[in-house]
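Data first, discussion second: the structure below is written as structure tokens.
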Amino acid sequence: MIFLREVTKEYAAVKALRGIDLTVPDGCIYGIIGKSGAGKSTLLRIMSLLERPNRGEVFYGAERVDTLGGRELLGRRRKMGMIFQNFNLLASRNVAGNIAYPLEIAGFHKKRISERVDELLELVGIQDKRRVRLRELSGGQKQRVAIARALAADPEVLFCDEATSSLDPQTTRAILALIRELHDKLKITVVLITHQMGVIREICEEVAVLEEGSIVERGTVRSVFDAPRTEAARELVYA
């Protein structure tokens, strides 16, 4: 379980997050949705320990993690995977090299890295792309590489930051189906940030609606879709 209590994040005079209370159940696919500038990416960076809150607390289970530093912080981050809208792949490396990169940093033996890369290529359905250069891949294939890389170190939670925003509708459905399949197979918690309500409807179990740095509505996806209580949620549902 990921638990945030009264989390506030400020940049100079701008309050990006305002007293966020949030619980992500273990093993859930949890969606966080809001318009541009609502604070979604800042919230994700706090949850994934890339930034610290100015105030408030972040827990993973019973462990407070926003105060971690050094090796403890690095160890906790290695239990997380992250995929992005723009893939964040290394153009100088082929498919296998990109997937291997976090394992190399973690000091895995070359033989084990090669074995793990093969496992991951099969897991995301691109076994035939091992030695292919990135420029030869479609957007959907690149995102599959990014997902494989994010799963390389066997994380406990997978963070998705607008992971399908740059993909066409058909590819988006395929990537969301893959994320659902991986969630079911690996029993991994997924936190998905998006501005697209269709993505939330397609894959998530619970959702929080973010507006101007505050959570204005939360609940099961069905309850929010069937009867949105706030104007922010209604605008997203009926857009």
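Our numbering applies: residue 14 is where the sequence shown begins, and numbers increase by one.
All residues carry an ideal CB built from backbone N, CA and C; glycine is no exception.
State buried or exposed for R146, treating a residue as buried only when at least 16 other CB atoms are found within 10 Å of its CB. exposed
For the pair the stretch 82-102 and the stretch 154-168, tell me if three or more CB-CB distances fall below 8 Å. With a cut-off of 8 Å, the stretch 154-168 and the stretch 82-102 count as touching, because enough Cβ pairs lie within range.
Whole-angstrom distance between G50 and R31, CA atom to CA atom: 13 Å
Residue range of the beta strand (DSSP E) that includes G44: I42 to I46
What residue from L164, I45 and R144 has the CA that sits closest to G226's CA? I45
Between I192 and C173, which are expected to be in contact by the criterion C-beta below 8 Å, what is the C-beta distance as a whole number of angstroms? 7 Å
Fully enclosed by the stretch 65-103, which beta strand (DSSP E) runs are 3 residues long or longer? DSSP runs (the beta strand (DSSP E)) wholly in the stretch 65-103: 68-73 and 93-97.
From the DSSP output, which residues share a beta bridge with S227? The partner list for S227 (beta bridge, DSSP) reads E224.
Given R247, which residues of its chain have a CB within under 7 Å of its CB, disregarding the five upstream and five downstream residues? P241
Just how far apart, CA to CA, sit I42 and L136? 19 Å
Would you mind reading off the limits of the alpha helix (DSSP H) that contains I112? V108 to I118
Within its chain, find whatever has a CB closer than 8 Å to the CB of L62; leave out the 5 residues flanking it on each side and keep chain order. V71, V78, D79, L81, L86, R89, R90 and M93
Quick one: is K123 buried, meaning 16 or more other Cβ sit within 10 Å of its Cβ, or exposed? exposed
What first and last residue would you give for the beta strand (DSSP E) that runs through T55? Per DSSP, T55 belongs to no beta strand (DSSP E); it is in the alpha helix (DSSP H), K53 to M60.
Is V170 closer than 8 Å to V220 when the C-beta atoms are compared? no
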